[in-house]
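Written below as structure tokens is the structure these notes are about.
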Amino acid sequence: MYNQPEVALEKYELTVSRIIKGRGAYICDTGIGQKLLVPYRGHEQRAGTLRDTLAFIQRNGMDVEQISQTKEQCIISRDNCEDAYILKDYRAGRECSTDSIDDMRGGSRALAQLHNILEKYPLPSDIEVESLHEKAQRKCAQIVKLKNYILRRSKTNAFEHLFYECYERFLEQGQKSAEILCELENSKTSVPIYCHGAFNQHNVVYTQSGRWLPVNFETMHPGYPETDLAEYMRKMLEKNHWDTAVADAILDSYCSVRSLDDTSMRLLQALLLFPGKFCKLCNHYSNSDG
């Protein structure tokens, strides 16, 4: 009986000589080079849009992974459990090291190059872009909800004591961030594009060709490019004790390829100001038994 990846792979016009289990995917040696079989959450139309976008990026000078079609010209393949996969090129390389300023600079330049290309790719006129202001407001409301829950408890634990001591500061940060985001959204000066969606040290690699290359585009979505940059900066800064020299290096490297105007800088400021880590802790605690 075939294993699940083999069932999904037999839908493609290729010969597979070896399958290796990787991190959340299967690395496949084939007659046309190494491929990556990746679990996919989403419908066929979204997968098709992703395939078209990656082809556009490649045509415009960035050799990113490309997605294969099945024998029936479908993008998604399914195994014997009806789990969905996509098959894409495997871009081997070394991940960005959060200990190396040169690596972090290289990743930042690659992101800027990606954004320069994606801003040329037209978004459908009816596409919906998530409101950053509304998202920030929802998360601030979660902080308030947790605060009210703790106040109603007759006994509090260590986490709840610590939360109550500091929540006001983080809530104030979140509300200030939401205020800036609301102001920027009302001005309608920020232009949405397709964004990588998960740009961090694991999703940009230094390839054998001597270039930094973004990988793993499965979470690509319409949004604002500053969200990619903010996520990348946040991940790098968390690993480097929020060293401002690291922030300056990343920002300088990005701006050497793609300039940021005052609106973009203000949006980036608001995104970095938001207490994302604190909100994650609150959400995790709220979803636990307390």
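Under our numbering, the first residue of the sequence shown is numbered 427, with each subsequent residue one higher. Idealized CB from N, CA, C, for every residue including glycine. Keep in mind the model is a prediction, meaning the values are calculated, not measured.
Closest by CA to residue i, which one among the options?
i	options	result
PRO550	CYS566, GLN695, THR475, ASN583	THR475
TRP638	GLU591, SER580, SER523	SER523
ASN629	LEU435, ARG517, ILE445	ARG517
ASP478	TRP668, ALA538, GLY636, LYS514	LYS514
GLN627	GLY519, VAL442, ALA473	GLY519
Could you please give the first and the last residue of the uninterrupted alpha helix (DSSP H) stretch that includes residue i?
i	result
ILE606	584 to 613
LYS706	702 to 712
LEU480	470 to 485
CYS522	Where CYS522 is concerned, there is no enclosing alpha helix (DSSP H), given that its DSSP letter is neither H nor E.
LEU677	670 to 681
GLN627	Note, GLN627: premise wrong, no alpha helix (DSSP H); not H, not E.
Given that a residue counts as buried once 16 or more other Cβ atoms are within 10 Å of its Cβ, and exposed if not, what is residue i?
i	result
HIS587	exposed
TYR620	buried
CYS566	buried
MET427	Low local confidence applies: a pLDDT of 38 at MET427 is under 50, so the model's placement there is unreliable, with the coordinate-based value given in what follows. Exposed, because fewer than 16 other Cβ atoms sit within 10 Å of the Cβ of MET427.
ILE483	buried
SER679	buried
MET691	exposed
HIS559	buried
TYR658	buried
SER712	exposed
PHE704	buried
HIS710	exposed
LYS437	buried
In terms of DSSP beta bridges, what is residue i paired with?
i	result
TRP638	TYR632
LEU463	TYR452, LEU513
CYS621	HIS647
SER503	TYR511
ILE493	LYS514
How is the beta strand (DSSP E) around residue i delimited, first residue to last?
i	result
ILE446	442 to 447
Touch check for the region 645 to 653 and the region 482 to 500: three-plus C-beta pairs under 8 Å? no
Sufficient close CB pairs (3 or more, under 8 Å) joining the region 506 to 517 to the region 611 to 618: Because the criterion of three Cβ pairs below 8 Å is not met, the region 506 to 517 and the region 611 to 618 do not touch.
When you compare the region 662 to 678 with the region 566 to 583, are there three or more beta-carbon pairs, one atom per stretch, that lie closer than 8 Å? no
Below 8 Å, how does it come out for the region 462 to 475 and the region 523 to 536: are there three or more Cβ pairs, yes or no? no
Any 3 or more C-beta pairs closer than 8 Å across the region 598 to 608 and the region 692 to 700: Contact between the region 598 to 608 and the region 692 to 700 is present, because at least three Cβ pairs lie under 8 Å.
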